[in-house]
Each structure stands twice: as C-alpha cells, then as structure tokens.
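Enquirer: One structure, pasted below without further comment.
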C-alpha cells in the first residue's frame, strides 16, 4: 500500500488540531473556573442552570420578604408589648382609683395619667416602620387612628407578603382588628340603672356563632340592673354583663363575651329603649376605652366594675393579639433555616453543574499536554524516516 | 549501417527525460492534497523502440465525487455552526451577570420587591431601572440578531458570486481540456494538469453548494444541482442569484426566467447559510414572543388617582370561546349601583363585553372593550366614567391597573410613559395579589427565554455532533483519496532511480555504438 507523504502530514495536522483544541478548552476551564464556556456545550446543563437561576432569584425574593415580615412583626410585637405595659399600669391605677377613699383631685390626676398614656398609646398605634404604618394594614401610608376621634381610618385589610409559593403572612396589621375590644356598650343611656325601662324590647346578641335573644322590660328584666343580673344568671357561660357609668354620669349596658377571642355584636330592632337607630351598641377600641375611663377620672368620677372589666379585656385582647403575632413570628423565623438551607442546596447544585472540577481539569490538561508532546516527538521522528536520508 | 538504432536510442532518451519530468512534477506536488499522482505509460513500439502511450492519472473520479459530496455536507454544517456561534455568543448564560435570564430575574425580583414594599422609593426606582434594562437587553439582542442576519446576506452574495465565478472557470477549463487533448494527443496526452485544476474548482464548488458531476472520456464535466438544474455543460455555465428580501436562491435560465431552487440545495455553505437564516429567524421570533408576552401580561395595581381602567386578568386565545368557569362582576360606587353581572362557564369574553355595554345603567357609567394583546391573546378592559367607581370580580380577575410595558414588539417596546405617575399611585391593597400574578408571569417569561436558549444550545450541540461525525467521515474519505492519488516521495525517488539506471544504460549504448562505428571506420 502506498502511503503518500501528504497523508502523514494531514494526519499529524488533524491530531494536532484536536489535541490543541482540548488543551485550549482545558486552559479556559482552569483559568475561568467554569466547566462550560458556551451554552451548547451541554444543553441539559444550560437548561438546569437557567431553572436554578430563577429558583435562586425567587428564593432570594422570598428571603427578602421573610426578612421584611420578620422585622415588621418583631416591631409590632415590641409595640404591642409596650401597649400591654401601659394597659397594666392603667389597670393598676384604675383599681387604686376604684378604692373610693381617693380625693377628687387625686382622681383627676389619675385622669391626667390616662390622658398622657393615651397620647403615648397613640404614638404606638400610629407608629411607622420604613415609612409604613405598622397598624395601618394595606393602606400603608394612611395614619391608622385619628387623634381626635380615635377612630380607625386606614385599610380594612392587613398587608400580606409571600414567603413561599403557597404561604403568605400578615406583615402589617389592621389596627381596627388589633386594637378592637370585644365588648358592646349600648348607645342608649339611662339616668338610673334602677329605673324601669320605658319601652321594653328584645336584644339580639351574637357571640361568635351563637345567637341569643334577651327580652327586657319583662318582670324579671324591668330595670337595667335587673337585665344585667338576668344575663349574668342565664348566660354566664357565654356573656358577662355590667352596668357601665358613662363619663356624662348616665348609665349604659356593657356586654362582653367570656371568651376573649369571640366577637360580639348586639342589635335591637324591637323599638324598645335600646333601639336607638342604626347602631344600637358600639365597641370601643383600646384607645377609646382608655379615653372613656380617663374622661370619667378627669371628671372626678370613680371608676366602676365595668371600667375594670373593660381595661382587663383590653389587656387580654392585646395579649391575645400579641400571641397571634408571636405565633406568626415563630413561623416566619422557622422559615429562615429552611430557606437558607434550600438556598445553599440550590447554589450547590448550580455550582456542581457549572463550576469546573479543578483537580480533574488539571489532570485532563496534563494528559492532553503529554499527548501533544508525544505527537510532536512522532512528527520529529517521522521527518528522518525517508529515503532522502540515504541519498546524501 | 546501424539501421534505426540511433533513432531508437534518441527516442528512448527523450521518453526517459519526459518520464523524469513527470516524476519531478509528482515530487513537486507531494504536498498538494488536490494533486493526483501521474504515471507515464511507456509501451514497446513494434517493430522497434518504445513510446509514451499515455500519462495515467491515478484518480478515482467516483471517489472524488463522494469526497466532494461529503465536503458539501461538512461545509454546510460548518457554516450553520459558525452562524449559530455568533448567536450563541449573545447568550452567555454561564457568565454571571451576562445572561438574559439575569435581566428577567432581576426585573421580576424588582417587581416583587416593589409589591412587598410599594412605598419604598428605592424599590420603585429599582423596578423602573430593571424594566429599562430588560427593554434595553431585548432591543440590544434584537439589534445584534438583525446585524447577524444582515451579515448572512453579505456572505450569501459572496458565496453566490464565488459559485458563478467557479462555474465560469469550470466551463472555461472544459474548453481548455478539449484543446489540450487535441494538442497533446500524439505526445502522451499530457494535459492532465488541467484536470487537477478542474478538480480543485469542483472541490471549491462543492464546498459552496452540493453538485452532481458527470465526466466524459477526456475529462470535461457536466455540473448540476439536485433535480438537474445545470450549472456547467461543455463551455457554458448557468448563474445563480440571491434574493435577499425573501432569502431565496434563484437559478437563472438562459431564457431569462428565474427558478427558486432554495429547497433543492442540500449541501454546501449556501445550504448552511440558508439553514442558519431559518434558525436565526426562529430565534428572533422567540425573542419577539418574550417581549410580546411581557407587554401583554405585566400590569401594575393602581389606585383611582392613576387610572379609571380596569383589566380582565385572564388572557384568552379566542374571545368567542367559552370561559369555562362561572362568576360574577360587581360594579359599585356609581349612580344606580351596585349592579352584579353574573357569567357562566359557557359565556365568552365577548359575551361579557356585550353584557356590560348593553346594560343601560352599566353602559352609562362603564365602557367595556376587547383588547388584542401583542402576543395574539385577548383581554377585556373596562373604563369607568369616574375614577371612584369600582369593579370586583368574584374570581378576582378584574383589577384597576395599567400595563407596565407598551408597544407591539421589541422594536417599539418601552416602559409605559406614565410610569412615574403609576408608581406613585399603586393600590397597596392589591400588591400581594399582583405579587401572586407576577409569579405566573415570571414563570411564563422564563419558559419562553429558556426555550430560546435551549433551542440555540441544543441546535448548536446537535450540529456540532453531526459536524464531528461528518468531518470524521470526510477525513477518512480524504485519507483514502490521499492513499489513492497522493504522492509518496520515497516511491517517486525509487522510480527516479530506476529511470536513472535505464537512462544511464541507454546513454552507454550511444558510446558503444560510437565505438562500433569507429571500429568499422578503422577497418576501412
């Protein structure tokens, strides 16, 4: 068989190109630390890397959201703690004031304490974090509580953030819900709790999902006090009723569920004394409750049992809300290690795919370098293997 | 007295010298891969002497054609790969921060960040900047691809010009072969160097376009494309033309008509470039689809100070097709409201629009329209006559909003010119829902982009694999061809030494004859 000279050189050139290509690939791999330089080198790896990049970005966003929720809920928890402390102090002062040995001016000074605490509470409930009101719900920039009426003005929805594909938490709470007290106070006012009702009727009371109807103006419920006793005797497992003296000296009916978590609503459409129009009973929020008692004290009135009950319930409600926030916070904090571990895993997967195994790359580089040197040696040897050597 | 002896010797010396010339030519061309080794065919010439019968060219024309066909395949793949590499370089997904996925991910992260902190000025400007970057990225890639496409037009014209030049040269060589054959018929038909030139042209032509070649007995060739469109016959050639507007290759008939032979070309750089143009066009469409999807999908939740427009958040492919689910839309805050409009699974989007526009109270306060999205899907927009009017869908599919991007495609894609107004008037109560929507938009955009990158990568990988296989086959055929027609210098030297011996022997005969003649003369 004839072996043309050109054939040999073609083979050498071909092999040389192949080995040099491998060498240059490995040099790039070692110098950049990346296994792949272009997307076509391994399309499945490219696809996986793109998927991982998105997952890592999404997870990073969820982590940011978690941090946001964590910061926000921690701050809310701190604020609720301060509110609880304030309410504790006011409760203690109310018990002190209820002891009727205090002089009127002492009552007034306690009333001033209530006023200053109310201002401090307003600061708490209207507090902001990062420009957003923490108790303003989803309206974010709307101040939640009016400083004069103490009414809630902001969104009726809490502000939520997503922490994973299927889980979102409240990060900024609704102030109306957070600072609501589940008591109902009648708008109807009576000058004396022992005077008979003028016109009898029926109260429709909803406590949680339980509805009850209580008639008043009957022989057993002819006065406000009788009605309170009747409710306390017959529905003690559900409700607690009190005669509550208003700051103007009149008396109203105060109803409160036994269960701190249950809501209450009361209406009267019977045309009786309690049927005062569109809203027969109202539920004061914590601020309004503090103001109500503070106003009484400022008017040198002694607080009654209903005031203690109101403050006690305000304290319980805020504590209840705080426990809910604590529970949320705990879930948010629990997510941290999960998200961090998932992030580490995703980054490792990405790194495994695209980062060069340097020891392997250096081994490969050495192998190709040896092959290259061997080829050069063969070419050098071949140059001498010719009849030309013998023709000199 | 010695008859024809001197004539025989002189003739022998001349033939040996000629043979040595041929061997020298072989050695000279030892490194020329297109050269076919030549061997002098010396025959005894009865009744006396020898003669140079022919110069044999050790070539298998069939094998050369097979090599050329394979060369067409390899060069076609090579051209497509080179084009694909230009596109591939635009999508550096393995270099952190350079991939398109980074822009998409950054944009959606910024969007979700804003939905988390809608009042944060940093998050607001981050969204605008990342949206601008995404738009610029898409426009830049489109420009890059347009530039590459324009480059293919230039290359294609070059290829077609080269094909026309080569076919002209081959037609000319056909003519020269005929003349050479006639001139050297009696002297060993030494015109074979023309065949080397012809083969070189045929090889060059095969690299550009796949051809079928027929050779006649003296070496002239007829060259045609698949399906028999002649490129060269005898001393005539037919030209090709490139129609850049329609990306077609036209065969120009002698009668002036033009035939589109694009689909008949199955190899060569022309085929490779046509394939790449088709690939590139597909990639550009995919990039366009991504832009259209972004324009069609992404919206911002807005309050009444920003807009009175409400959008249906479920794009449909057919506005007359049943929705497949039921629900109700409540219109509130307007004189005569609220009004609740119920729809069933058999109602279409157009039915909903008609119901709103034909209700006397609703139509006095709201106007519903069918919107054709740039991606070809449809949605409904409802414009309230007063910004304070509200609309609520029981399936949570209607929101007061405006699109973040405007335009119909990449070329006119831009951030909504009212973005600054919008971003200052986000509806904070809806941001968590839009964050939820954004996950779907992100997933959709990612899928389109991943599809594009996946197409580029897998196509390129597939081509490279084919190229490796086909070029290995080409190398193997080339090696066989080299074995067959290549020159071994050692072999040639041995042949030369043989010639030298014969030449020396014959030269001795001249001396002997001279001595014999002297002896004869001395006898006188």
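Residue numbers (the working numbering), protein chains in the order written: chain A, 1 to 392; chain B, 1001 to 1524.
Just so you know, even glycine gets a beta-carbon here, dropped at the ideal spot from N, CA and C.
What in chain A is Cβ-close to residue 1488 of chain B, meaning under 7 Å?
Expert: Neighbours of residue 1488 of chain B on chain A, chain order: 2, 3, 4, 5.
Enquirer: With a 10 Å radius around its C-beta and 16 neighbouring C-beta atoms as the bar for buried, classify residue 131 of chain A as buried or exposed.
Expert: That one is exposed.
Enquirer: Return the bridge partner residues of residue 1405 of chain B from the DSSP annotation.
Expert: BP columns for residue 1405 of chain B point to B:1415.
Enquirer: If we count the other Cβ atoms within 10 Å of its Cβ and call it buried at 16 or more, is residue 1472 of chain B buried or exposed?
Expert: Looking at its Cβ environment, which holds fewer than 16 other Cβ atoms inside 10 Å, residue 1472 of chain B is exposed.
Enquirer: Comparing alpha-carbon positions, which option in B:1400, B:1517, B:1082 lies nearest residue 1305 of chain B?
Expert: If we check each option's Cα against that of residue 1305 of chain B, B:1400 comes out closest.
Enquirer: What residue range does the beta strand (DSSP E) around residue 1301 of chain B cover?
Expert: Residue 1301 of chain B -> beta strand (DSSP E) spans 1299-1301.
Enquirer: Is the Cβ-Cβ distance between residue 155 of chain A and residue 1429 of chain B less than 8 Å?
Expert: Against a cut-off of 8 Å, the Cβ pair of residue 1429 of chain B and residue 155 of chain A comes out as a contact.
Enquirer: Output needed in chain order: residues of the region 131-142 of chain A with a Cβ under 7 Å from some Cβ in chain B.
Expert: Within the region 131-142 of chain A, the residues whose Cβ lies closer than 7 Å to some Cβ of chain B are 131, 132, 138, 139, 140, 141, listed in chain order.
Enquirer: Run the CB neighbour count on residue 282 of chain A, radius 10 Å, all protein chains shown included, and call it buried at 16 or more, exposed below.
Expert: With fewer than 16 other Cβ atoms within 10 Å, it is exposed.
Enquirer: Taking Cβ positions only, does residue 332 of chain A come closer than 8 Å to chain B?
Expert: Chain B contact via Cβ: absent.
Enquirer: Taking the C-alpha atoms as reference points, what is the distance between residue 367 of chain A and residue 4 of chain A?
Expert: Taking the straight line joining both Cα atoms gives about 30 Å.
Enquirer: Hey, would you say residue 1450 of chain B sits closer than 8 Å to residue 47 of chain A, going by beta carbons?
Expert: Cβ atoms of residue 1450 of chain B and residue 47 of chain A: closer than 8 Å.
Enquirer: Helix, strand or coil: how does DSSP classify residue 346 of chain A here?
Expert: The answer is helix: DSSP assigns residue 346 of chain A an H, G or I state.
Enquirer: Scan the region 31-42 of chain A for residues whose Cβ lies nearer than 7 Å to a Cβ of chain B and list them as they occur along the chain.
Expert: Answer set for the region 31-42 of chain A: 34, 36, 37, 38, 39, 40.
Enquirer: Could you please give the first and the last residue of the uninterrupted alpha helix (DSSP H) stretch that includes residue 1523 of chain B?
Expert: No alpha helix (DSSP H) holds residue 1523 of chain B; DSSP gives it neither H nor E.
Enquirer: If I'm right that residue 1437 of chain B touches residue 1295 of chain B with Cβ under 8 Å, what's the distance once you round it to whole angstroms?
Expert: Not confirmed; about 15 Å, so no contact.
Enquirer: I want to see whether chain A comes within less than 8 Å of residue 1436 of chain B, judged by CB atoms only; does it?
Expert: By this cut-off, residue 1436 of chain B is an interface position.
Enquirer: Can you name the residues of chain B whose CB is closer than 8 Å to the CB of residue 189 of chain A?
Expert: Within 8 Å Cβ-Cβ: nothing; residue 189 of chain A doesn't reach chain B, min ~36 Å.
Enquirer: Using DSSP with H/G/I as helix, E/B as strand and the rest coil, what is residue 168 of chain A?
Expert: Residue 168 of chain A: strand per DSSP, three-state reduction.
Enquirer: Which of the three DSSP states, helix, strand or coil, is assigned to residue 84 of chain A?
Expert: Here residue 84 of chain A sits in helix by DSSP.
Enquirer: I want to verify the contact list: residues of chain B whose CB lies under 7 Å from the CB of residue 65 of chain A, in sequence order.
Expert: Within chain B, the residues near residue 65 of chain A are 1116.
Enquirer: Work out the CA separation of residue 1518 of chain B and residue 1524 of chain B for me, nearest whole Å.
Expert: Distance between the alpha carbons of residue 1524 of chain B and residue 1518 of chain B is about 10 Å.
Enquirer: Any contact of the region 263-278 of chain A with the region 180-192 of chain A, i.e. 3+ C-beta pairs under 8 Å?
Expert: Enough Cβ pairs lie closer than 8 Å, so yes.
Enquirer: Using the C-alpha atoms, what's the distance from residue 1387 of chain B back to residue 1308 of chain B?
Expert: Taking the straight line joining both Cα atoms gives about 5 Å.
Enquirer: Could you check the C-alpha separation between residue 52 of chain A and residue 140 of chain A for me, to the nearest Å?
Expert: Those two C-alpha atoms are separated by around 34 Å.
Enquirer: My guess is that residue 287 of chain A and residue 89 of chain A are in contact by the Cβ rule of under 8 Å, so how many angstroms apart are they, rounded?
Expert: No, residue 287 of chain A and residue 89 of chain A are not in contact; Cβ-Cβ is about 15 Å, not under 8 Å.
Enquirer: Inspect the beta-carbon positions of residue 247 of chain A and residue 299 of chain A and report whether they are closer than 8 Å.
Expert: Yes; because the gap between Cβ atoms is below 8 Å, this pair is in contact.
Enquirer: Which bits of chain B does residue 68 of chain A rub up against, with CB to CB less than 8 Å?
Expert: Near residue 68 of chain A (Cβ distances below 8 Å), the residues of chain B are 1116, 1117.
Enquirer: Would you please state the rounded distance, in angstroms, between the beta carbons of residue 1250 of chain B and residue 1164 of chain B? I believe it to be under 8 Å.
Expert: No, residue 1250 of chain B and residue 1164 of chain B are not in contact; Cβ-Cβ is about 12 Å, not under 8 Å.
Enquirer: Roughly how many angstroms lie between the CA atoms of residue 231 of chain A and residue 206 of chain A, to the nearest whole one?
Expert: Distance between the alpha carbons of residue 231 of chain A and residue 206 of chain A: 14 Å.
Enquirer: Is the beta carbon of residue 313 of chain A less than 8 Å from the beta carbon of residue 80 of chain A?
Expert: Not closer than 8 Å, so no.
Enquirer: Leaving out five residues before and five after residue 1478 of chain B in sequence, what residues of the same chain have Cβ atoms less than 7 Å from its Cβ?
Expert: Result list for residue 1478 of chain B: 1067, in chain order.
Enquirer: Can you tell me whether DSSP reads residue 100 of chain A as helix, strand or coil?
Expert: If DSSP states are grouped into helix, strand and coil, residue 100 of chain A belongs with coil.
Enquirer: Could you tell me whether the region 208-224 of chain A touches the region 331-344 of chain A, using the rule of 3 or more Cβ pairs below 8 Å?
Expert: No, because fewer than three Cβ pairs between the region 208-224 of chain A and the region 331-344 of chain A fall closer than 8 Å, the two stretches do not touch.
Enquirer: Should residue 1525 of chain B go down as buried or exposed, given a rule of 16 or more other Cβ atoms within 10 Å for buried?
Expert: Nothing can be reported for residue 1525 of chain B, as the shown portion of chain B is limited to 1001 through 1524.
Enquirer: Let me check one thing: in DSSP terms, what residues is residue 214 of chain A bridge-paired to?
Expert: The partner list for residue 214 of chain A (beta bridge, DSSP) reads A:203.
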